[in-house]
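A.B. asks: For the working numbering, count along the sequence shown from 1 and bump the result up by 85. All residues carry an ideal CB built from backbone N, CA and C; glycine is no exception.
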Amino acid sequence: MEEVIRGRVWRFGDNIDTDMIIPGRYLRTFSLDELASHVMEGARPEFASEVKRGDIIVAGRNFGCGSSREQAPVALKHAGVAAIIAESFARIFYRNAINIGFPVIMARVDAADGDEISADLKGGFIENLTSGKRYEMKPFNDYMLSILQDGGLVNHYIRTLKEGSG
């Protein structure tokens, strides 16, 4: 995972809940491809078929609210979404995303569908490359970056044990 993420925007509003992200009727499968094929179906039915690897979701407040299903961030990551930028996240969604090595960034960003944006996780800024506007964000510390770079908390823990620093 790169410290600077760049991609095309998919814009969503406030209160995108986990049932919008991955509707409950699809939770009986263990297939990541099947989950990804239905991601965001409750909010934008065309999303799963049109999202491209590296795209970025920009949303309003309270992204990932609702039930604590781990499949929500897993489905988004497997569908190719590179990161989510939102004004705020439900705590459990935020933690589940970090646990699987999926960048979630708290910031208010003005961006429309199709805009190109970049987020410098270590530098602490987001730039809308389409409009030229720049936004501040809290930079990720080295520990959080290492979890993301290792692909999640479990992989990070295994790596640190192997290196003898855990």
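Which whole-angstrom value describes the C-beta separation of Val-94 and Ala-196, a residue pair presumed to lie in contact below a C-beta threshold of 8 Å?
C.D. replies: Your numbering for residue 94 matches position 9 in the sequence shown. Your numbering for residue 196 matches position 111 in the sequence shown. Val-94 to Ala-196, Cβ: 5 Å. Contact.
A.B. asks: Can you tell which of Glu-87, Gly-249, Gly-236, Pro-224 has its C-alpha closest to the C-alpha of Gly-139?
C.D. replies: Residue mapping note: residue 139 aligns to position 54 of the sequence shown, counting from 1. It is Glu-87.
A.B. asks: Check the C-beta distance from Met-105 over to Ala-133 and give it rounded, since I have them as a contact under 8 Å.
C.D. replies: Residue 105 sits at position 20 when you count from the first residue of the sequence shown. Residue 133 sits at position 48 when you count from the first residue of the sequence shown. 12 Å between Cβ atoms; not a contact.
A.B. asks: According to DSSP, simplified to helix, strand and coil, what is Val-94?
C.D. replies: Reading the sequence shown from its first residue, position 9 is the one you call residue 94. Strand.
A.B. asks: Are the region 151-166 and the region 179-199 touching by the rule of at least three beta carbon pairs closer than 8 Å?
C.D. replies: The answer is yes - the region 179-199 touches the region 151-166, with three or more Cβ pairs under 8 Å.
A.B. asks: Below 8 Å on the Cβ atoms is my contact criterion, and I expect Gly-145 with Glu-126 to pass it. Report the Cβ-Cβ distance as a whole number of Å.
C.D. replies: Mapped onto the sequence shown, residue 145 falls at position 60. Mapped onto the sequence shown, residue 126 falls at position 41. Contact flag wrong, Cβ pair sits at about 19 Å.
A.B. asks: So, are the CB atoms of Asn-213 and Asp-200 less than 8 Å apart?
C.D. replies: Along the sequence shown, read from residue 1 onward, the residue named residue 213 stands at position 128. Along the sequence shown, read from residue 1 onward, the residue named residue 200 stands at position 115. Closer than 8 Å, so yes.
A.B. asks: Look up Phe-210 in the DSSP assignment and say whether it is helix, strand or coil.
C.D. replies: Position 125 of the sequence shown, counting from 1, holds the residue named residue 210. Note: Phe-210 maps to strand in three-state DSSP.
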